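A.B. asks: Protein chains in written order, with this note's numbering: chain A, 1 to 130; chain B, 1001 to 1128.
Idealized CB from N, CA, C, for every residue including glycine.
This structure is a prediction, so every number in the text was calculated from the model and none was measured.
Could you have a look at this structure, given as structure tokens, before my questions?
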Amino acid sequence: MKFALMINQGPYTHQASDTAYHFACAVLKAGHELFRIFFYHDGVNNATRMTTPPQDDRHVTDRWSELASQHNLDLVVCVAAAQRRGILDQDEARRHGKDGDNLAPGFRISGLGQLIEAGIEADRFLVFGN
Amino acid sequence: MYVNRSAPHGTIYAHEGLEVVLVGAAFDQEVSMAFLGDGVFQLKKAQDTKAIGTKNFAGAYRALADYDVTQLYIEMESLEERGLTVEDLMPLTYEDEEDDDQEKSSITLIDRASLGQLFEAQDVIFNF
């Protein structure tokens, strides 16, 4: 079965991103396809590589990056939501004259069309966090 | 269907939700919107955000018809619980191309039970 996920809360304050991560692992373990994971609202904050939690805690961002690299996942961050919240890749940072970028490996920045497409393409579309 | 449950201001959900609707309109899908709970406030007439210094995006709801988003379902109980009637909402209309371009209201009042049935009939629900 083809799954797509949407994550709407940032890391640590809410459990939504953790739950989505565990769900994604279970989907892959069961042999299903993960078409896309879309980050919206404060969910875009999962995608900053500046995330630096204490060493005895899980690293929510790195965990997503590693899962993406292991399973060739498509982790998409909404460009408008990301820019509002200071999440930029190299191109966006240059375009807006910012002195740094912070998008974590395995994530890409794109538009809301990717979310709509995920809703259309997936057999099951699940939302984590409000 | 896009389900709107949040007040227009106070959180960003209504604003970023509307952005999804407008982008989604380009995908040639049959779409509708439902407004329930505090979401009914999104369509309130005469919104003014000057005092809170946030963006007033209420005008964008008037553009929905240009994007062929013309099925807006408002939950009756939610309106009544908040002391509102349909007269308190923006008069959102569209020109019905299949009916000699007659101007028709995009707004349909629907009771809670019927809205539940409408949810059942959807392929995909986006909830904001």
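In the DSSP assignment, what are the bridge partners of Thr1108/B?
C.D. replies: The partner list for Thr1108/B (beta bridge, DSSP) reads Tyr1073/B.
A.B. asks: For a test of the three-state rule: what should DSSP assign to Leu73/A, helix, strand or coil?
C.D. replies: coil
A.B. asks: Following the continuous beta strand (DSSP E) through Asp1096/B, name the residue where it begins and the one where it ends.
C.D. replies: 1093 to 1096
A.B. asks: Going by DSSP, what residues sit across from Phe128/A in a beta bridge?
C.D. replies: Ile7/A
A.B. asks: Reducing DSSP to helix, strand and coil, say where Leu34/A ends up.
C.D. replies: Three-state DSSP puts Leu34/A in a strand.
A.B. asks: Quick one: complete alpha helix (DSSP H) runs, 4+ long, within the stretch 1003 to 1059 of chain B?
C.D. replies: 1013 to 1024
A.B. asks: In whole angstroms, give me the CA-to-CA distance for Asp1096/B and Asp1038/B.
C.D. replies: 29 Å
A.B. asks: Give the single residue among Asn1004/B, Asp1068/B, Lys1050/B whose Cα lies nearest to the Cα of Glu1098/B.
C.D. replies: Of the listed residues, the one whose Cα sits closest to Glu1098/B is Asp1068/B.
A.B. asks: Is any non-hydrogen atom of the ligand HEM found closer than 7 Å to the C-beta of Tyr1067/B, if you look at the structure I gave you?
C.D. replies: Inclusion of the ligand HEM in the displayed structure is not the case, the ligand content being empty and no account of it being possible.
A.B. asks: Tell me, to the nearest whole angstrom, how far the beta carbon of Trp64/A is from that of Gly113/A; I am working on the premise that it is less than 8 Å.
C.D. replies: For a cut-off of 8 Å, the C-beta gap from Trp64/A to Gly113/A is around 22 Å, too long to register as a contact.
A.B. asks: Could you tell me the distance, in whole angstroms, from the CA atom of Gly97/A to the CA atom of Val60/A?
C.D. replies: When rounded, the distance between both Cα atoms is 28 Å.
A.B. asks: Give the secondary structure of Lys29/A by DSSP, where H, G and I count as helix, E and B as strand, and everything else as coil.
C.D. replies: helix
A.B. asks: Give me the Cα-Cα distance between Ala1058/B and Phe39/A, rounded to the nearest whole angstrom.
C.D. replies: 25 Å
A.B. asks: Opposite Phe107/A in the DSSP bridges: which residues?
C.D. replies: Leu75/A
A.B. asks: Between which two residues does the alpha helix (DSSP H) harbouring Gln114/A extend?
C.D. replies: 113 to 121
A.B. asks: Given this structure, state the Cα-to-Cα distance separating Val44/A from Val1031/B, to the nearest angstrom.
C.D. replies: 26 Å
A.B. asks: What is the DSSP secondary structure of Leu1118/B, reduced to helix, strand or coil?
C.D. replies: helix
A.B. asks: Are the CB atoms of Phe1128/B and Gly1024/B within a distance shorter than 8 Å?
C.D. replies: no
A.B. asks: Leaving out the 5 sequence neighbours to the left and right, which residues in its chain are closer than 7 Å to Lys1044/B when beta-carbon positions are compared?
C.D. replies: Asp1088, Leu1089
A.B. asks: On the criterion of 16 or more Cβ atoms from any shown chain inside 10 Å, does Phe1027/B qualify as buried, or is it exposed?
C.D. replies: exposed
A.B. asks: I want to verify the contact list: residues of chain B whose CB lies under 8 Å from the CB of His41/A, in sequence order.
C.D. replies: Ile1012, Tyr1013, Glu1016
A.B. asks: What would DSSP say about Leu1079/B, mapped onto helix, strand or coil?
C.D. replies: The answer is helix: DSSP assigns Leu1079/B an H, G or I state.
A.B. asks: Express the C-alpha separation of Phe128/A and Ala20/A in angstroms, rounding to a whole number.
C.D. replies: Those two C-alpha atoms are separated by around 6 Å.
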